[in-house]
Structures are given as C-alpha cells and as structure tokens.
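Sequence lines, in order, name chains F, Z, E and P.
Heads up: the first sequence at position 995 corresponds to 995 in the working numbering, and the numbers run straight through without jumps.
Heads up: the second sequence at position 202 corresponds to 202 in the working numbering, and the numbers run straight through without jumps.
Heads up: the third sequence at position 128 corresponds to 128 in the working numbering, and the numbers run straight through without jumps.
Heads up: the fourth sequence at position 7 corresponds to 7 in the working numbering, and the numbers run straight through without jumps.
Note that the Cβ used here is the ideal one computed from N, Cα and C, for glycine as well.
Okay, so here's the structure we're looking at.
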Amino acid sequence: MNEKISSIKKGSVLVVGGGIGGMQAALDLADSEFKVHMVQKDPSIGGTMVMLDKTFPTGDCSMCMISPKMVEVGRHLNIDIHLLAEVVSVEGEPGDFKVKIKIAPRYVAPDKCTGCGDCETKCPKKVSSEFEQGLSVRKAIYSLFPQAVPNTRVIDKDNCLYFKKGRCRLCEKACKAGAINYKDKGKEIELHVGAIILCPGLDRYDAKVRGEFGLGRWKNVVTAIQFERILSASGPYKGEIKRPIDGRHPKRVAWIQCVGSRDSHNANPWCSSVCCMYATKQAIIAREHDSEIEPTIFFMEMRSFGKDFDKYVERAKTEYGVRYKRAMISAVREEPGTGDLLLRYAAEDGKLIDEIFDLVVLSVGLEPHKDSVEFAKTFGIETNSYRFAKTFPLKPVQTTRKGIYVTGTYHGPKDIPETVMQGSAVAGEVMALLGEARGTETVAKEFPPEKDLTGEEPRIGVLVCHCGTNIASTVEVEKVVETVKDLPGVVYATNTLYACSQDSQEMLKKIVREMNLNRVVVASCTPRTHEPLFQETIRDAGLNKYLFDLADIREQCSWCHMGHKEEATKKAIKIVKMAIAKARLLEPLKTDTVEVTPAAMVIGGGIAGMTTALSLADQGFHVSIVEREKELGGLLRNLYRTLEGNDVQEFLKARIEQVLSHERIRVYSDAEVKKTGGFVGNFETTLTNGNVIKHGVIVLATGGVEYQPTEYFYNESDRVITQRELEEKLVSGENPRSGEQYVMIQCVGSREEPNQYCSRICCLDAIKNAVTLKEKNPKAQIFILYRDIRTYGLREDYYRKARDIGVFFVRYEVDKKPVVEKIGDKLGIKTRDYMLNKELILNADWLVLSTGLRPHPKTETVGEMYKVTRNPDGYFLEAHVKLRPVDFPGEGIFVAGLAHAPKNLDETISQALAAAGRAGVVLSKENLAVSGIVAKHRKDLCMSCLSCFRVCPFDSPYIDEEGKVAHNEIKCHGCGICAGICPAKAFQVNSFRDDQILAMIDAAVECEPVIK
Amino acid sequence: MIIGKQKPFEEIWDMIKNFKKVLVFGCNTCVAICHAGGGKEAEILASMLRMRASLEGVEIEVKHAAIERHCEPEFFEPVMDNVRTSDMVLSLACGVGVNFLSERIGNIPVYPGINTEFYGAVPKAGIFTELCAGCGDCILHLTGGICPIARCAKSLMNGPCGGTNNGKCEISQDVDCAWYLILERMKKLGILEKMFEIQPLRDWSTGMYGGPRRIILDHIEEVEAQEERKGS
Amino acid sequence: MKSGSNLEKVLEGGYFAVTAEVGPPKGTSAKVIQRKGELLKTYCDAMNVTDNQTAIVRMSSLSGCVILKEMGIDPVMQMVVRDRNRIAIQSDILGAVALGIRNVLCLSGDHQRFGNHPTTKGVYDIDSIQLVQTLKNMRDEKKFICGEEISGEVPLYIGAVETPFADPIEYRVKRLAKKVNAGADFIQTQAIFDVAKFIKWMEMVRDEGLDKQVHILAGVIPIKSVGMARYMKDNVSGISVPDEIVTRMEEAKVAKEEGVKIALEIIEQLEDIDGIHGIHIMAVAWEDIVPVIVERAGLLPRPIL
Amino acid sequence: MVKAEEKVLSVEEPREISSGWEPNILAFACHYCAFAAADLAGVMRLSYPPTVKVIRLPCTGKLDYIHILHAFERGVDGAFVAG
C-alpha cells in the first residue's frame, strides 16, 4: 500500500446494504474486532436471498440458511444497523471517512417495539405486498417478512389511514408497549469510519417492458422471483403450486430464459449469470412439490458454468424429466377463456411451433438499482457503462476510490456463493487496510463474577410472557403460572407483558438476586432468537448463562392453536413443565478458551496462495507459504493476458516481488507438508525440508493443472495446439496470415463423463485469442466450435465483440463431435452446422483445443492429510456450497483458487481475499472461546470403538498418545452425533444430556398411562 | 474382535415370553463395539420387550444391565446377586459369554440374544468383515497376509478355483475372491512365485475340527499340575 | 414291508435275528469280502459292512455291500456322517438303492483324530439322528432334504446304533427315543459285557415303550485275548467291561475258548431280555469264530424267508 | 421355520379408536431446521393438534433410540423425528 493514508485510521467500517454479501462482510469484520455500521434502505435486513424458496444443489431452504445469519448480525455487539437509511455524503480518505446518513421515520420506536405484531393484526389497511411480489397483501403497519431482523414494525406512511385521512390510530391502541410514534421525523447522523463497503444489491429487469411476453397482461405469466414466492412454504400459496388466475395446479410449466439479458437492442446486454441455474432449480423444486408438473426450459445457451452445475442440470434432465429446449420464444399469448398460454418458437429445423402451457415463468435478469449512478456519485466512485460499480480485473473488489470497496451484484451479476465469497473478500481487504486499528472501536460486554452453586438445590424462577396478546389471547397465562409455581424446584413464578422488554430484563435480574434463584425458565417465544438475550440477562445477574431454558409457547403453541384456549393452555403448561424438568438438571457450564497463534500457513504459492498471504500479512499476521515447486506463480506463469487486456506476467512479477519482500511472509519453496497436527488456532506443521511451523490457520491453495489432451491428433501434429500455446505464439509476436484458418474446439476434456464439469475458463480463452487474432489480422478466418458459449456476466461483451468482428461460432452436440482428419499439412474438420442445418467442412491451418482444468494431482493427498473431502471431480468440497464457500467443516482450514473449482483469475483473487478475510477472523482473536454446549467425553466409559471418531463431522474425537479415543472440545460443535452413536454412552452433550431429554419426555407424558 | 448380530426380535420374544422376570444382560466389550450387545443395546431391547409384553397383555418385568466382559468370572461377581433375582437371563454377550454365564448362574436359564458371527474387522463405521477363522495354525505369511481359510468360501489352499470371477467369488458378487486378493498382493510383494509351490494338506485338527480347544500358558500349566498333585 | 430286505423279514417275522460285521480291506481286493461273506453266509441274516471304521481309510461300505449282494447276502450298509455332507449322503443312498442295498445303518462315526488321518476336517454337516430322519423322509415322502422330489422308490430298512453304557445312562434312553422318533426301524447296540447294567437299561427302554416301536439287536463282541479285554475296558468309549470278565480272561487257560464261552453266556442272557430281537456280532478281525458262536448258541439254522 | 424377518413387521394390530381421541405426539427436532420450521409454522399461524409437543435437539444425530423407546413406554402415541 503506497497510497498516502492518514496516520490514525478508524477501527470501524460502513457497510452499505444488508443483503447476504453485506451481512457476510459485516460479520467477518465485527468478528475480527472492527466496529461495523450497516446501512440498509429497507426496514429490515436480508436483501434478495430471503425471498428465495430453496437453493440448489442441496435444496436447502433459503430462509433457514440466512435466518441464523440475520439473527447473528442483529444481535452482534459490534454491528450497528441503521434501517430506512441512506448515505447522503462521504468525505475524507481511506482510513478516515466522514459519512452523513439520513434515516427516514419509522413511526415505531425500536427500543419499545417487541415485534409482537399486535398492531399489524389490528391495522385495517391492506396493501399489496412487495415482498410477496404482489401475489398477496400486507398491512400498512408491517414487517417485511415474518422472520425479519429486526422485526420492529414500520408504518407505510403512503398507505396509512391516519397519515392519509387523519384518523384510525388502531395500531397505537393495540400496542401495549407504547411504541407507536406518529410524530417520528427521522434523523440525520454522522459517522466516522475507516473504510466503506458497498453492497446495495440488485434490481430485477422489469419484464413488462417486453410486452410480447405478456407479463402484467396474462395473469399466468409470472417472473422467476414471483415463482420463488409461489414455491415458498411461507409464500402466498403456502408452497402449493397454483396458477394466479384460477388457483388450479399447473401441469405444463415453461421457463423463458434470458428475459432482459443478453439483448443489447431491447434490454440489458450482459448475461445475468444466475438464470440458467435458478430456472433449473425451480423446475426441480416444482417437480418435487408436484410430480405431475412437466417443466420445459426454453434457453439459448445453457450456462451452467459453476462448480457442479453441469451435474445438477444433468440430474434435472435424467432424474426430474426437465425438458430443455434450445429455442427463442417470439411471443406468449393467452388462449382466451382458459388462462392457458400459447408459446411460439422456432424448432431446430426452423419450423415454427406453437405449444400450450399452463404457467409461464420469465427468467428475468439482474440489473443495478435504477439510482445506481446517483448512488455512485454520493460515494465518489465511478460506474461502468452498464451502471455497475467500476472495478479492475486484478483488483476485483476495489472501486475507483481508495478505501471504498464493492461486493455482490453491484460488482456484476452473480450468485449467492460468489456474493458471500466477495463479502469475505472485501472484509479481507478492509482488514488489510485497517489492520492496525483493529479493536480500537469495538466494545466487549463486562459481566459480574458467576455465583458458585456447589451444593445448592435447584431454585427455579419461571417467567411466563403474555407477548402483548400474542400468547395471552390464546393461552391463559395466569393459569400457567398457577400450575407451575408449586412444582418441585420452582421457587418463584410470575407473568409479564413482554418478557423481552428492557424493564422485564431488569425485573428478571432483580428476582434472580432477591429470590436467590439458580435456574431460570422463561416461557415466551423461540429460543432461536431470544435465548441469547435472556442468557445475557441472567449472566448479568451473576448466573452462569447455561442455567437457563426457554419454553416456546408462542411460535409452537399460541400461534398454532388460536381459538383453542383450553387445549393451548394445557399444552403451554406442558411445555413449561418440560422446560422446568430440564432446568432442574441444568448445570453451570464452563466455557474454555484457547490461545491463538497469530500466524497462517498457506499451502500453494500460486496466485491464490500469494494473494491470501499478502492480505493476511497486511492485516498484521505472519504467513508461511509452502510451495512444492522452486518458483512461485503456479499456473499463472503460463497466462499472458486477461480477457480485458491486462498484462498478467507483469502483474504476477509484481505480486511475487511483493510476497518475497514482505516482512511478515516467509516462502518455503521446493517443500511440501510432511506432517500436520493440531486444531484451529494451534496447528503445527512439519515440512519435508525439516522446518516446523506453528500457526493458527491453514489455507489450502493447492491449485490445478491444465488438461493435457489426447484428442484430435494433439500429440501427432504441430498444427494442433492448445489455447495456452496459441496465446504464447501470439504474445511472442506471431501474426496470422490473411486467409489463414484457425478452428477452435471447445470443451476438450470437459463436460463429459468422467469429467462432467465446465472448466469455466475455456470459452473466455477462446474468445480472447480469437479477438486477438482478428485484431492482428482481420483477414484471418476463425471458427469456434462450441457446445454452449459461457461468457457469463459482463463478459458477454467480448462474445458480442467477437461475433461483430467476424469470428464464426458453430455449435456442436456432444454426441456429434467434430471429426478431424489430417490432410497433408492441414486438418480437415467435419461438423454439423445447426443454423444452416447442413454438414460443414473446414480446412484448418491450425486446430486450437480449448482444454479444461483438472485439480492438482496433489489435491488427493493434501485432502487426506487434512481430512477434507473432495467432490467427485477431485476438487475440495467447501463446508457449505452457498454460505461457507471458502471454509471447511473443520475450523481454521480454508480453501482458495483452483483447488476449490475451476475459475477465472479475478474470481481466484476474490476467493483468495475471502480466505484471507475468513482466516483473519480467527487470527485476530487472542483467544478462541469454546461454546459450553459441547459433547463431554468420559474416558473411563469409552472403549475406543471409534464410532464417534468416524461419524464426527468436525473431527473432534481423536486417537491420543496412548492410542485411546480422546475428545477435543475446541473442535466440537455440540451436535451430539457422537452421543447418539456411542455404544458405551461415553458422550453426553451439555444441556442436551440423556437425563435431561428423558426428563423432558417424562414431563411431556406425565398424564398418560405408563406402560411397564 | 468378535462380531455379533442381534437376533430377530420375534425369536427373542419367543424365548422370553413365558418368563416373568427377565434380565437383558449386555457385555461391554466386542459386541458393544459392533453395536449388537452392549449396555446400550440391552437398554433398547429391554424397552422393546416391555412394550411387546404390554401389547400382548402379559406381565413380564424386563430389566437391563451390562458388565465389562462376560468371559471372565471376576466381572460377574459384583452383579451376580442381582442377576439371580431374575428367572431368565437374555444374554447379549457372544456365545462365549452365554456359555460362561450358564456355567455360573445356577438354575436360571441363559438365552442368547445375539448370534455370534465371526472374528471381524471394522473397515468403516457399521461395516464388519470376517478376516480370520481362528484355525489355530496361521499361514498368513504364505498368503500375503490374506487368509484363504476365512475368506475363501471353500478354504482352498492352492489358488483360486474356477468360480473366481473378476476378483469376485462365485457365491456372491459382493464377496471378494480371497485368492484373487492374495495373488494381487503376492504380486505386489514380489513373491508371486510362491503361489506355484503346492501347499501341503492342512492339519485341520489345530482348529475346531480337532475338538474344543484350550490354551494354558506354560507357567500356569505347571502351577495347575502342582495343584492337581496336591489335590490327589 | 418297507424294504423287503431279509433282515426286515426276519425281524418283522418275529424271529431272533443274527447279524454279523464285515470289515472291508485297506486295499482293492474284492476277495477279502467275498471270503468273509462265504464264511458267514449261512450263519447270519444280514451282514454289516463298516464305513471307514475308527476313521481308518478302507474300501467303501457301499462297494462292500454290492459285493455281498452279488453273493446273495443281505448287506447292511453302514454310513457315518463324519465324511460326507448332505449332498454326498443322499447321492450315495440313491446309488445304494439302485444297486439293491436295502438296509442302512446310521452312525456318527469315530472322530477323525482316532484314525489314520487325524489332521483331516470332519464334515459333520448333519448328525446321525438327522441322518435317520433324512432316510425316513427319502423313503416315506420321497423327498430330499431340500424338499425336492425323488424320482422312484427308496425302499430302505433304517437302522441306528445306541450305546447303553455312556453315563449318565438315562440320557441314553432319551437319545434312543429320539432315534426311534426320527424313524429307526432297528437298533444295533454297542457290545454288551455288563449284562446287569444292560438289563437295567432295557427296563427303562421298555418303560418308554420303545421296545414296541423298534427292533433292538444287542451287540456282541467275542473277546480274543486278555489284552483285548483290557483295551476295551480302558479305551473304548461306550463299552463297559466288568472286572469279572477281565479276571476270567486273565485266569483262562485258553483265552480264545474263554472268550467264546463268555460270548455264549452273554447271548444266552440277552435272549431272555424282553425286547431284544436279535444279536449283532462284531468279531473284529476274528470273523472265523462267528459260525462257531452262532452254532453253539443254538441259533441255527437261520430262517429262509 | 418361518424367518423372523417376515414376522417382525406385524408388531401391533390396529385397534379401535374411540371418538375424540387425539394422538399424543412428541416431535424431536433439530435446532437448525425442523425446530425453525416449527417456529415458522407458528409465524404463519398454521394450525396442528395441540397434543404435538416439540423437544429441541442440537441435531437429530443426537437422538438416541432409547429416547424414542422411553417416550413410547411412557405412553406417547407417536414420535416425529425431524431434522
């Protein structure tokens, strides 16, 4: 960093945007001792991902994945969320920005609102729901979605009867917490931050512009995001797939791809990158919901370029019967009276076909927000011609203004994992920028010493919440209190209007002290959101936080049994009794900490490894790079230019220079890892050259190799070369002659069993070289024989450019590959031209093979050494394909670069920065806290049968020096799979011990006859 | 390790249904490790039997217990009084344990709750494979460490029979041909030529075929002999 | 008639049966059998051919039986379960019936360790009682063990053996009952020397009603020498030789004569026991003496039926 | 002999159910997914019989056979394991 930045940097960061990318960046930064201010335009955080039903390939519920993250952001001591907020001005320089923020009035006081929703029930005004994409209604006082964080309601002034007509005020009456404030004027605040991260997210293309598809005119034409809501179990149709027009279950469902994308005349010229996959996912999920559905996807180019995407599409075809039709839809018309839709398209042979569908989904593309240029101006950054933030291929998350970074779809269209990855990447960049200011603005909570409970009998206090009327209108709260107050162990029971309100917290602390309580049960809402709050409160009162249990009588009782007061009350009593039964057996749990060695080990000295190393070193940590070859640089040494024209070798030289001269980086070349041991924060590695290194994290950046083809006479003719060899020729000054014919064949060694995956780089390589050839000599003839051109995102420009300057693109099918024969010095190539529908015979001077990537052969042994799994193609498998794209299940180990999957240079750099961000979170801590909810292992009972050792997803059981099974609680996540399988019952999970579970069961069935 | 497998529930039920006080008695060594007969399985089985009794409308008191090992008398001592309060013991130990307890328990029947299967290894969680037959005369040094007696369905000694099928045994595609494995391994070890030597007929008397076996350590044999002399 | 064999006719006809035993050679000569057959032909009703007795390899019982059959003698094929699994057993039975053999005596066989191949594997796929049951099923149901049909008749007269003296003897009676239940038509017992004990045993047999269900032939071994007497007393399981007999042999001037005398005395007593329907003479390596004994015991002529 | 596997399924004969009887069901739910789903059901006001009660587990992998058997022995009518 040679820019001049002010000497005193701020230890805080502004994150503009509360989607998944912003949340990831915020959490990584806040977890690594930076204060984060999150600014969000909406009334709550979540962004686009919260609207999605499920995510591929696992079919995980999107909300289930993001919801814990939202809660984590919402509760984080060092993340301040500013909602309904917009930045109005930015002054200053990297390390010290002054930011003015305007906050719109909410009309509901966040400190008073408990989120109970009583106001919403009473509000008489119904408004079309933005979140549900107009498919259902919300109220004028509302929260964006049920799981919203925070779930403080907001008044929609434009629709509120009071604001419009001056009367109503029903919400004010309904609110027992007195949170409604019609006089709210909003405010303006000023913040000083060291860096700014922009992640404002995206808009979707407005398909109404394309009138021929009939959106807005034909009711059964929906956008893909509407279809997500239709699929969602919490959506307008509760997950039942119905037609908006008549509620009938559709059978024939069509997806039309590229609506608003790849169309420089009528819409957006770029490829939106995600639509091929989300359409495939929607088709699969739709089939899973209703096996009668016959999905058809009309597409131009199947761009399943990501990790394991091709396999997913293959599954869609073979296992789910999804029909993929390569055809352009010219128009959608409604069949009068039926609501059915007639699609007209051209078949392969050019004939026009009309086909009827029950429902049509438009795969609308992504685009920047309408005001993105204005937005950019506010921050003083530049945008590109498409209104996305301008960035640089080799600095993918930096904007044109130093200290301001971009992540997510404001950078270009991208999917969830890449957004998350970039979120961590910007965090990494910011950590490198502000490393020295870490911890200067964060706060930590101070607690009184814990009471010693030795020898005490349980003294349980029970607090039953009314939650306004949420619980009390269905459950007789007083009766619950009455029934449980004399149970064994219970010394105090009371009810409260809102257990979670500030005054209730104070009351709880007082009761704990005055009644000398040693266990607390609160009966209110779900522990998933509220347990930490109460735990903190009792901790404040001097109790160990694990002496608490939360009985969920709202989500799991009153809300489900409305109108059945007697039964609901009975059930509530049981739920509370179960919690009390467990509480009697609760014990204070120690939360240990382990020291962290603030150093990293990076395995692989390619561009990924070097980028991670530099970022971590700039953050202030020592880094060891282990490279098995003599030189750094890896595969990048063979690459000369990027698609955009950057000089790669120059970049690489500079990067190597930076690495070698960095005071905190040590490179061990010509060396490999011989032995490894330890756990997060405390690894020890022995290298083949005898060096022993202690470090806190490991980054696996073992890279990939290029496929060496055996096809198409590669080893038999000098005229058959790879793209890399062609690039080398071009760089070394060779120029094509006029009329010289170059034929490029794509997907050589990719997208076919046993390598059923896209290598991602080859289309771009081919286009890059084709354009260079044409630029050197426009009279050179270039044919690219391809299966699908995958110039995803903004790279579509180069595809268009190649076509414009006369590169011929000829598609082939995998079962009818081009046939090559050697004819003297030339190569005869026969292939079918589907456009002209006839055989094409080419007479090439050069045959250029676009060969794909393979994982490095060492990936296997490295994987075994670190016990990380690999996908069927041999690439490392990350902890979670969506939300943990650079992590492994075992903590403290990260992945970056080609070892993870094929990717382009800018993506490799992003991922490497992300790994640095994630690793920085671990390394920035002096001590790692170990949760109290871990499995406890009793060595005296254990018979070392290894069952736990084999099933643990986190490798926490291990074989110790005595050759017996032991347990590392630092690695343990407390899932309890070990306890479930252990034949000796040597494992018990704290707070979920067998005796506690059995006690709950007994409490749940106390009234039933006992079989014995 | 001895690998066992719990008997079908119906078979077990038939064994116990006419008793009043049943003890399901687990053994916390081999059969616990293979999830067939440890204390945990005893608890599970006891619960299932109680429910079955309840469904059948018969009164049977089913309790469970477990000790470290059923093949050494000292482990029984602390629990024996308790064990004798039942009128039937369903042992989840291997056959050794059932025999051993039967000899010591007096007039209380001991029934087997598991089938003792074989001496096995645990290549993966939940998978158990037979690798040794306990023949009493090991020849693994001649066969690349892979036992043809335990792992060849015919216990052949001189190479694969005609039923070998691409590395699999004729009895099942799921069973490896032991001789195929042996030959592959011998090849790797560079001792394949040993295969061409005819292996002599085996002395089966060292194994079960020679009648039940007993091993007495040399020094113990002497002590025993002295004891006997004293006795007589 | 179940098989129509001479032995069956004799027993079912209520005659006191006499059977003798022929040990096949450790060689290939049919003459050895033919000679013994010729010698004993008119002195007994059927002749047992042993099956690798004491686990010593000899000519097969089946071939010995065929040789006797060709001489017009009714053979009793002995079959042990030590050397054959159920496949071989059933196959041999089919062959035996095809060759005219009608009597089969089912035994476990001496353990292989006692013979001349002590290191061999014992088969013991099924046991002797299961063998009896198998043969009965083959004969009466015309079914193999697996349940499949046998083509043609399987006329068999099924025998089993019993050792009355292996203590505790009450179990021996239970076991006999098991054999009878399994389908034994006749029983040949281990050699009897301790007649008093045998009488007791027979009482128990009668108490169970077994004597009415099966023909019991008592075993008789003529003792050739005092050494033989001692050897049997000490080493042969299931044989009980009273001290008195050993003493008599020791004191005898001509041992062989004393042995014959003892045999005759025993036979005399056996004939008087209720439920004994014949004797089975096992003159191990002393076949020549059988005619003498049968004649002096007054059991001649043998009935021709 | 009848193979025991064939018989094992015939555990319980269906019995007559008296009117008004509602099964007492215990759900064992993974904290991360099924328990969250139970919460969502509440948020969406989906109704189900009040005799269903949920026991939260850190993961359904934690569930032990004996938990379910114990519940049945104590008289629950159904156990619902979701994770």
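{"Check": "Contacts around V292/E, its chain only, beta-carbon distance under 7 Å, and the 5 residues preceding and following it disregarded", "Outcome": "V260"}
{"Check": "Three-state class that DSSP yields for S10/P in the structure shown", "Outcome": "Per-residue confidence for S10/P stands at a pLDDT of 48, beneath the threshold of 50, marking its modelled position as unreliable; no derived number is given."}
{"Check": "CB-CB length for A109/F against Q40/F, believed under 8 Å", "Outcome": "In fact, because the Cβ distance is near 18 Å, the residues do not count as touching under 8 Å."}
{"Check": "Contact between the segment 163 to 181 of chain F and the segment 408 to 417 of chain F (3+ Cβ pairs under 8 Å)", "Outcome": "no"}
{"Check": "Selection from I146/Z, V62/Z and G4/Z that minimises the alpha carbon distance to C94/Z", "Outcome": "G4/Z"}
{"Check": "Contact set between M242/Z and chain P, taken where Cβ atoms lie within less than 8 Å", "Outcome": "Given a span of 1 to 232 for chain Z in the structure shown, any question on residue 242/Z remains unanswerable."}
{"Check": "Cβ contact check for the segment 874 to 891 of chain F and the segment 729 to 742 of chain F: 3 or more pairs under 8 Å", "Outcome": "no"}
{"Check": "Residue from K311/F, L836/F and M1000/F whose Cα sits closest to the Cα of S750/F", "Outcome": "K311/F"}
{"Check": "Rounded separation between K577/F and S19/P - CA only", "Outcome": "28 Å"}
{"Check": "Cβ separation of E969/F and V934/F, assumed to be a contact under 8 Å, to the nearest whole Å", "Outcome": "5 Å"}
{"Check": "G19/F classed as buried or exposed, judged by whether at least 16 other C-beta atoms fall within 10 angstroms", "Outcome": "buried"}
{"Check": "Chain-ordered neighbours of T120/E on chain Z, where CB pairs are closer than 7 Å", "Outcome": "W204"}
{"Check": "CA nearest to the CA of W846/F, picked from I745/F, K157/F, V626/F and G980/F", "Outcome": "I745/F"}
{"Check": "Cβ of M86/E within 8 Å of any chain Z Cβ", "Outcome": "Before going on, a small fix: residue 86/E reads as Arg here, not Met. Judged by the 8 Å Cβ criterion, R86/E is not in contact with chain Z."}
{"Check": "Spatially closest choice to I829/F from P818/F, A279/F and A499/F, by CA coordinates", "Outcome": "P818/F"}
{"Check": "8 Å Cβ cutoff met for K17/Z and V58/Z", "Outcome": "yes"}
{"Check": "Whole alpha helix (DSSP H) elements within the segment 167 to 223 of chain F, 4-residue minimum", "Outcome": "170 to 174"}
{"Check": "Cβ separation of T407/F and A25/F, assumed to be a contact under 8 Å, to the nearest whole Å", "Outcome": "6 Å"}
{"Check": "Chain F residues whose Cβ lies nearer than 7 Å to that of G38/Z", "Outcome": "P983 and A984"}
{"Check": "Contact with chain F by H64/Z, beta-carbon distance below 8 Å", "Outcome": "no"}
{"Check": "Inter-residue spacing [alpha-carbon to alpha-carbon] between T206/Z and N116/E", "Outcome": "16 Å"}
{"Check": "6 Å CB neighbourhood of E130/Z in its chain, flanking five on each side removed", "Outcome": "F118, G120 and A150"}
{"Check": "Element boundaries [alpha helix (DSSP H), containing F100/Z]", "Outcome": "G95 to I105"}
{"Check": "Cβ distance (whole Å) where V480/F is taken to contact A432/F below 8 Å", "Outcome": "So it is not a contact: roughly 54 Å between Cβ atoms."}
{"Check": "Counted within 10 angstroms of its Cβ, other Cβ atoms place E864/F as buried (16 or more) or exposed", "Outcome": "exposed"}
{"Check": "Under 9 Å (Cβ pairs) to chain P, residues found in the segment 51 to 85 of chain Z", "Outcome": "M51, R52, S54 and L55"}
{"Check": "Bridge partners - I158/E, DSSP secondary structure assignment", "Outcome": "V104/E"}
{"Check": "Contacting positions in the segment 10 to 43 of chain Z - beta carbon closer than 7 Å to chain P", "Outcome": "E10, E11 and E43"}
{"Check": "Euclidean distance between Cα positions of V491/F and N24/P", "Outcome": "30 Å"}
{"Check": "Cβ distance (whole Å) where I187/E is taken to contact K179/E below 8 Å", "Outcome": "7 Å"}
{"Check": "With 16 other Cβ atoms within 10 Å as the buried cut-off, status of F80/P", "Outcome": "exposed"}
{"Check": "Cβ neighbours of A252/E in the same chain (closer than 6 Å, five flanking residues each side left out)", "Outcome": "E258"}
{"Check": "Beta-carbon proximity check, T597/F vs G696/F, cutoff 8 Å", "Outcome": "yes"}
{"Check": "Cβ-based burial, G298/E [other Cβ within 10 Å; buried from 16]", "Outcome": "exposed"}
{"Check": "Where Y65/P meets chain Z, residues with beta-carbon distance less than 7 Å", "Outcome": "I44"}
{"Check": "Simplified DSSP state of N165/Z, which is helix, strand or coil", "Outcome": "strand"}
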